[in-house]
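Participant: Start counting the sequence shown at 783; every next residue gets the next number (the numbering used here).
Here you go, one structure.
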Amino acid sequence: MPELRSSSWYAGDDRNAYIHRAWMRRGVPADSFDGRPHIAIANTASELTPCNVHLDQVAESVKRGVWEAGGVPLNLPVMSLGETQVKPTAMLWRNLAAMAAEEMLRANPIDGVVLLGGCDKTIPALLMAAASVDIPSVVVSGGPMLTGTFRGTPLGCGTGVWKLSEEVRAGTLSQAAFMRSESSMIRSAGHCNTMGTASTMSCLAEVLGMSLPGLAGVPAPDARLLSGAHETGRLVVEMVHDDRRPSTIMTRESFLNAIVALAAIGGSTNAVVHLLAIAGRLGVELTLDDFDLVGADVPLLVDLQPAGRGLMEDFHRAGGLLAALREVRDLLSSQAITVTGAPLVDYLQDADIWDPEVIRSRTDPLKESAGIAVLRGNLAPRGAVIKPAAASPELLQHRGRAVVFDSIEDFRARIDDPELDVDASSVLVLRGCGPKGYPGMPEVANMPLPKKLLESGVRDMVRICDGRMSGTAYGTVVLHVSPEAAAGGPLALVHTGDYITLDVPNRTLTLDVPDSELAQRQPSEETVEGFAGPERGWQRLYVDHVQQADVGADLDFLVGSSGAEVTRESH
Ligand code: FES
Ligand code: MG
783 MPELRSSSWY
793 AGDDRNAYIH
803 RAWMRRGVPA
813 DSFDGRPHIA
823 IANTASELTP
833 CNVHLDQVAE
843 SVKRGVWEAG
853 GVPLNLPVMS
863 LGETQVKPTA
873 MLWRNLAAMA
883 AEEMLRANPI
893 DGVVLLGGCD
903 KTIPALLMAA
913 ASVDIPSVVV
923 SGGPMLTGTF
933 RGTPLGCGTG
943 VWKLSEEVRA
953 GTLSQAAFMR
963 SESSMIRSAG
973 HCNTMGTAST
983 MSCLAEVLGM
993 SLPGLAGVPA
1003 PDARLLSGAH
1013 ETGRLVVEMV
1023 HDDRRPSTIM
1033 TRESFLNAIV
1043 ALAAIGGSTN
1053 AVVHLLAIAG
1063 RLGVELTLDD
1073 FDLVGADVPL
1083 LVDLQPAGRG
1093 LMEDFHRAGG
1103 LLAALREVRD
1113 LLSSQAITVT
1123 GAPLVDYLQD
1133 ADIWDPEVIR
1143 SRTDPLKESA
1153 GIAVLRGNLA
1163 PRGAVIKPAA
1173 ASPELLQHRG
1183 RAVVFDSIED
1193 FRARIDDPEL
1203 DVDASSVLVL
1213 RGCGPKGYPG
1223 MPEVANMPLP
1233 KKLLESGVRD
1243 MVRICDGRMS
1253 GTAYGTVVLH
1263 VSPEAAAGGP
1273 LALVHTGDYI
1283 TLDVPNRTLT
1293 LDVPDSELAQ
1303 RQPSEETVEG
1313 FAGPERGWQR
1323 LYVDHVQQAD
1333 VGADLDFLVG
1343 SSGAEVTRES
1353 H
């Protein structure tokens, strides 16, 4: 067993060891400090993060497993981000949560950590932190909600809201019925039950090797979540003994596995930004192009909203993540190990599909070639992404006239104006929504369609934005345009009336304006003014240091790892 880092706090009989032990001796036996692993439970439970509120109960199960294996469990509340609650966007604080968790993991006398997350940004932030400190770490996701129904039909979290609110605007659903649906969707503890960002990142944490295989997707109220949490408590103690750290688990092969899985499960576009950021913390070489090269031809096998029909409870019943991965076994690296020390692929042998409607076989996919496509061109020199599986096939090659909005407020003020010069072939452009511009890169790219077009039956249009879209959303939406308008990207130069060509098969996004004319144009003033430039606090630090989406939107000084060493004493 390697020497435990907690020993540098607790071992010996000098004054400092005395101080470190004495204050901790509140009910734990003296032999708690005899060199056994101290395990933090990095817990994002919060009543303001409703998707994670049950994690205190999950933590109790983890603790039992840790004690049982001879470790000492310690609850460590960490900054929690409620996706639906915090303004202007939870993404603004992903890096702060990651930085705060990183610092507390390093500063405290702990040897390993169990990461408890669920709601969208929580698992990415925890993984970024664990990667930066590089002590034995394992994720327990809080699991998805049970399926809620409205008028006898399943109502998916997020996806249902987008659909029903468009129906109200189209005049096909009454406002009163829409209000009644509000109490139907969120049925139990857990994160969103669509294949949105939370479900995606829970699954990808497992594919990266950072969760007990088979645990991702177990619904939050399912007894197996707690037994899995208990087993994870035992496991993390073993990981400390074996010195199995994030850097030995999350290798380039693991990330490529995650890209394959992202396509096969129809996961969220937000995973692109999160995986790039986690890889950045580890120094693993991963680029935007890897998503296209490795993932683009992978078929979509899992029939869940927003790309398909079912919800996470269906996925779990049908065999879950491992059953889906078994179908793409040949595309996965056999080298990449998991927290158990065994390769991920070892867990696929007995992973059967119990419902071939929900998890399709490789020979009968929902869609061929379902991965993220990376687009480039004079409108996105450093890249933009689109999820073809969630788009309309007939719009994947499209040329249309731009209708430009300088901010989300500008968009909301004008989109339903009957006088707005827009038709179904127009391309809606929304800028000022990137990491610096908003700031925080919010999920606004899935712009609602103009009311007059909805009323005439239009259900999708090409939309382009430097922001993100909710993992529960759908449509022909070009996202994460880099560089963003507020960082000097050419998106700031588009005029209403310019023609834009989207060509997904050829991976291009082109503003059909000659270079010579573009060179004459000045960025839209509103975009520049919209980028208000926060004066103090986190937002100031964020805007000064955030990187563009194509490399993960982490802060420049957080890229790379600092390890776990702390050399100085506190007294
Ligand atoms: Fe928390 Fe969707 S709002 S997971
Ligand atoms: Mg979200």
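Glycine residues also receive a C-beta, built at the ideal position from the N, C-alpha and C atoms.
Just so it is clear, the structure is predicted and the values come from calculations on it, not from any experiment.
#1: Pick out every residue whose C-beta is nearer than 5 Å to a heavy atom of the ligand FES: which are they, in chain order?
#2: Whole-angstrom Cβ separation of residue 1109 and residue 975, contact assumed at under 8 Å?
#3: Using CA coordinates, which residue listed in 850, 910, 951, 896 is at the minimum distance from residue 823?
#4: Between the stretch 824–835 and the stretch 861–879, do three or more beta carbon pairs fall short of 8 Å?
#5: Return the chain-ordered list of same chain residues with a C-beta closer than 8 Å to the C-beta of residue 968, the five sequence neighbours on each side being excluded.
#6: Drop a sphere of 10 angstroms on the beta-carbon of residue 1251, count the other beta-carbons inside from all chains shown, and report buried for 16 or more, exposed for fewer.
#7: Check whether the Cβ atoms of residue 1028 and residue 919 sit closer than 8 Å, and answer yes or no.
#8: Could you check which residue in 1160, 1344, 1055 has the C-alpha nearest to that of residue 906?
#9: Is it buried or exposed, residue 961, if we count other Cβ atoms within 10 angstroms and call 16 or more buried?
#10: Should residue 1083 and residue 1147 be called a contact, given that it needs their Cβ atoms to be closer than 8 Å?
#11: When you compare the stretch 1085–1101 with the stretch 1250–1264, are there three or more beta-carbon pairs, one atom per stretch, that lie closer than 8 Å?
#12: Taking only the alpha-carbon atoms, compute the straight-line gap between residue 977 and residue 985 and give it to the nearest angstrom.
#13: Is the CB-CB distance between residue 1225 and residue 954 below 8 Å?
#14: Report the rounded CA-to-CA distance for residue 1010 versus residue 1143, giving the unit in angstroms.
#15: Tell me the residue span of the beta strand (DSSP E) that contains residue 1280.
#16: Can residue 1335 and residue 1223 be called in contact, C-beta distance under 8 Å?
#17: Check whether the Cβ of residue 1095 lies closer than 7 Å to any heavy atom of the ligand GTP, and answer yes or no.
#18: What's the C-alpha gap between residue 1245 and residue 902?
#19: On the CB-based measure, 16 or more other CB atoms within 10 Å of its CB, does residue 1188 come out buried or exposed?
#20: Tell me the rounded alpha-carbon separation between residue 1217 and residue 1266.
#21: Measure the alpha-carbon distance for residue 1240 versus residue 943 and round it to whole angstroms.
#22: Between 1020, 1079, 1066, 1067, which lies nearest to residue 1044 when the distance is taken from Cα to Cα?
#23: Which whole-angstrom value is the C-beta distance of residue 1337 and residue 877, which I expect to be below 8 Å?
#24: To which residues does DSSP link residue 1125 through a beta bridge?
#25: Less than 8 Å separating the beta-carbons of residue 840 and residue 1007?
#26: Taking the alpha helix (DSSP H) that residue 1300 belongs to, which residues open and close that run?
#27: Quick one: is residue 792 buried, meaning 16 or more other Cβ sit within 10 Å of its Cβ, or exposed?
#28: Alpha carbon to alpha carbon, how far is residue 800 from residue 794? Give it in angstroms, no decimals.
#29: Please report the straight-line C-alpha distance between residue 1205 and residue 1235, rounded to a whole angstrom.
#30: For residue 1242, which residues of its own chain have a beta-carbon under 8 Å away from its beta-carbon, when the five flanking residues on both sides are left out?
#31: Just mark residue 1018 as buried or exposed, buried being the case when its beta carbon has 16 or more other beta carbons within 10 Å.
#32: With DSSP as the reference, please indicate the residues paired to residue 1187 in a beta bridge.
#33: Run through the stretch 929–980 for me and flag every whole beta strand (DSSP E) of 3 or more residues, listed as ranges in chain order.
Facilitator: Quick answer:
#1: 833, 865, 866, 901, 973, 974, 980
#2: Going by Cβ atoms, the distance from residue 1109 to residue 975 rounds to 22 Å, so no, they are not a contact pair.
#3: Ranking 850, 910, 951, 896 by Cα distance to residue 823 puts 896 first.
#4: As far as the Cβ criterion goes, the stretch 824–835 touches the stretch 861–879, which means the pair count is three or higher.
#5: 832, 927, 930, 939
#6: buried
#7: yes
#8: 1055
#9: Here residue 961 is exposed: its Cβ has fewer than 16 other Cβ atoms, across all protein chains shown, within 10 Å.
#10: yes
#11: yes
#12: Going by the C-alpha atoms only, they are around 10 Å apart.
#13: no
#14: One alpha carbon belongs to residue 1010, the other to residue 1143, and they sit about 27 Å apart.
#15: Careful: residue 1280 lies outside any beta strand (DSSP E) and carries neither H nor E.
#16: In this structure, the beta-carbon distance from residue 1335 to residue 1223 falls below 8 Å.
#17: For the ligand GTP, the structure offers nothing, since it holds only the ligand FES and the ligand MG.
#18: 23 Å
#19: buried
#20: 8 Å
#21: 18 Å
#22: Looking at the Cα atoms, 1079 is the closest of the given residues.
#23: Contact annotation, residue 1337 with residue 877: C-beta distance approximately 5 Å; criterion of less than 8 Å satisfied.
#24: 1119
#25: yes
#26: 1297–1302
#27: Residue 792 comes out buried.
#28: 8 Å
#29: 7 Å
#30: 1173, 1174, 1177, 1231, 1257, 1258
#31: buried
#32: 1212
#33: 930–932, 935–937
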